[in-house]
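One structure below.
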Amino acid sequence: MRDVLDDDLAELYPVRGADDVRLARLREQLFAEKPVRRSPRWAGIAAAAVAVIMITGLVVFLRPAHRDAPATMPSTPATSLAEAATLLELAEQPTARYQHITYRLREVATAASFGLDQVGWTLVELEYDVWLPTAKGETVFIFRRETGQRQPISGAQPRPEQKLSTISFPQLWTSFCAATPCKEESVSKPLPADPKQKLLAASPALLSPFTTNEEKAALYRVLAESPEIRWDNGRLSVDGNLLQFVIDPATGRVTGTEEVATASSQLPKGMPPQSMTITYEWTDQRPS
Numbered sequence: 007m008r009d010v011l012d013d014d015l016a017e018l019y020p021v022r023g024a025d026d027v028r029l030a031r032l033r034e035q036l037f038a039e040k041p042v043r044r045s046p047r048w049a050g051i052a053a054a055a056v057a058v059i060m061i062t063g064l065v066v067f068l069r070p071a072h073r074d075a076p077a078t079m080p081s082t083p084a085t086s087l088a089e090a091a092t093l094l095e096l097a098e099q100p101t102a103r104y105q106h107i108t109y110r111l112r113e114v115a116t117a118a119s120f121g122l123d124q125v126g127w128t129l130v131e132l133e134y135d136v137w138l139p140t141a142k143g144e145t146v147f148i149f150r151r152e153t154g155q156r157q158p159i160s161g162a163q164p165r166p167e168q169k170l171s172t173i174s175f176p177q178l179w180t181s182f183c184a185a186t187p188c189k190e191e192s193v194s195k196p197l198p199a200d201p202k203q204k205l206l207a208a209s210p211a212l213l214s215p216f217t218t219n220e221e222k223a224a225l226y227r228v229l230a231e232s233p234e235i236r237w238d239n240g241r242l243s244v245d246g247n248l249l250q251f252v253i254d255p256a257t258g259r260v261t262g263t264e265e266v267a268t269a270s271s272q273l274p275k276g277m278p279p280q281s282m283t284i285t286y287e288w289t290d291q292r293p294s
């Protein structure tokens, strides 16, 4: 090590021959001295400093990649309408070009709905496709059709080529919208005080693709003011009302409805007169 030190010193600081003796003594003194032992106090301070550096590094690691990124907390499934309203209000607002909402209905239709003059019932499947643009001034596309899935129940049955009359398609919401922005008109109407009528009157706004999350959250809270309107793990119902709503406890969105069959119903046991599932997606492309 001394030889290396000598070489380094010689390159950095060339000395005269008269200084060789003095430098040799300094080197001897340098290598002869024992290192000063660090006191326990300073050792503790150094260890604490290392710990702070490690903790600081951990905190930085857990911070969002972007300084301005919003803090998000894990959410638990809603256990009430009020909690479902909060989920809707905190839902992320995607920036895709279209919100695509699909309503798939299973409806009991009479033979007369197919143009037959006989008595009969058939379970038919209908599909409503809504393409709602997120930008202003864009055209809204809504398609309604039979899927072709049918189930005979009783009586006269239509032939496959006989289609259900369009006037027999259920009206799920009240507003018409040709271009964005869209507004569901029923949202601004006050709801009846009677719990049964209250839930029925809220149906168009609950199902409409034009009802915003904020409007729907406010509607949830109005419905929650009536204790007769029950929440059962996402199923919304009230005694005496045949129509029930299904709300996803994880998102707060309405994902379906189901009509309860009455005791006098001529349908097979367990078959609701009408049921519907609703799915949502965000996309940048729409079928041409």
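The numbering used here applies: residue 7 is where the sequence shown begins, and numbers increase by one. Quick reminder that beta carbons are idealized off the backbone N, C-alpha and C, glycines included. Keep in mind that this is a model prediction, so the values were computed, not measured.
Taking the beta carbon of residue i as the centre, do at least 16 other beta carbons fall within 10 Å, making it buried, or is it exposed?
| i | result |
| --- | --- |
| alanine 57 | Because alanine 57 carries a pLDDT of 38, less than 50, the predicted location of this residue cannot be relied on, and no value is offered for it. |
| proline 233 | exposed |
| phenylalanine 149 | exposed |
| serine 192 | buried |
| glutamate 231 | exposed |
| proline 215 | buried |
| isoleucine 235 | buried |
| glycine 246 | exposed |
| glutamate 98 | exposed |
| alanine 141 | exposed |
| threonine 172 | exposed |
| glycine 276 | exposed |
| phenylalanine 251 | buried |
| glycine 154 | exposed |
| threonine 85 | exposed |
| leucine 64 | For leucine 64, the predicted model reports a pLDDT of 33, less than 50, meaning its position is unreliable; a value from the coordinates is still stated below. Burial call: exposed. |
| serine 294 | exposed |
| glutamate 220 | exposed |
| valine 136 | buried |
| threonine 289 | exposed |
Pull up the CB-CB distance for residue i and residue j, whole angstroms please, since I reckon it's below 8 Å.
| i | j | result |
| --- | --- | --- |
| glutamate 144 | alanine 185 | 6 Å |
| leucine 138 | tyrosine 104 | 6 Å |
| leucine 170 | valine 130 | 6 Å |
| proline 187 | phenylalanine 120 | Not confirmed; about 38 Å, so no contact. |
| glutamate 95 | alanine 223 | 5 Å |
| glutamine 272 | serine 174 | About 18 Å; that fails the 8 Å criterion. |
| valine 244 | leucine 197 | That pair is no contact at about 12 Å. |
| phenylalanine 147 | arginine 241 | Not quite, the Cβ-Cβ distance comes to about 31 Å (not below 8 Å), so this is no contact. |
| alanine 162 | glutamine 124 | 4 Å |
Taking the DSSP output, what are the residues bridged to residue i?
| i | result |
| --- | --- |
| threonine 283 | Arg110 and Gly262 |
| serine 160 | Trp127 |
| leucine 138 | Gln105 |
| isoleucine 148 | Val136 |
| threonine 296 | Limits of the chain in this structure are 7 at one end and 294 at the other, which puts residue 296 out of reach. |
| phenylalanine 318 | Since the first residue shown for the chain is 7 and the last is 294, residue 318 is missing from the structure and cannot be characterised. |
| alanine 199 | BP columns for alanine 199 are empty, so no partner. |
| alanine 184 | For alanine 184, which the question treats as bridged, DSSP gives no partner whatsoever. |
Identify the continuous alpha helix (DSSP H) that holds residue i and give its terminal residues.
| i | result |
| --- | --- |
| serine 209 | 209-213 |
| glutamate 190 | Taken as a continuous stretch (DSSP letters only), glutamate 190 belongs to no alpha helix (DSSP H), as it is neither H nor E. |
| valine 228 | 219-230 |
| glutamate 6 | In this structure the chain extends from 7 to 294, so residue 6 is not present and cannot be described. |
Report the residue from the options whose alpha carbon sits nearest the alpha carbon of residue i.
| i | options | result |
| --- | --- | --- |
| serine 194 | Phe149, Gln168 and Ala211 | Ala211 |
| tyrosine 134 | Ala84, Val125 and Arg151 | Arg151 |
| glutamine 203 | Thr116, Asp123 and Leu249 | Leu249 |
| threonine 257 | Gln280, Lys142 and Glu287 | Glu287 |
| alanine 88 | Arg259, Ile107, Thr116 and Ala267 | Arg259 |
| threonine 311 | Trp237, Leu132 and Ser86 | There is simply no residue 311 to check, as the chain begins at 7 and stops at 294 in what is shown. |
| proline 176 | Gln280, Thr289, Pro293 and Thr285 | Gln280 |
| leucine 111 | Val244, Thr140, Thr285 and Leu197 | Thr285 |
| proline 201 | Ala90, Val228 and Pro278 | Val228 |
| threonine 82 | Lys275, Ala267 and Pro255 | Pro255 |
| leucine 93 | Asp290, Ile253 and Gln291 | Ile253 |
| glutamate 167 | Thr261, Glu264 and Leu122 | Leu122 |
| phenylalanine 182 | Gln157, Thr153 and Thr217 | Thr217 |
| glycine 262 | Leu213, Thr85, Val136 and Thr116 | Leu213 |
Just reading off the beta strand (DSSP E) that residue i is part of, what are its end residues?
| i | result |
| --- | --- |
| threonine 257 | Looking at the DSSP string, threonine 257 is not in any beta strand (DSSP E), and its letter there is neither H nor E. |
| tryptophan 179 | First-last for tryptophan 179: undefined, no H or E at that position. |
| serine 243 | 241-243 |
| arginine 292 | Neither: arginine 292 is in no beta strand (DSSP E) and is coded neither H nor E. |
| arginine 236 | 236-238 |
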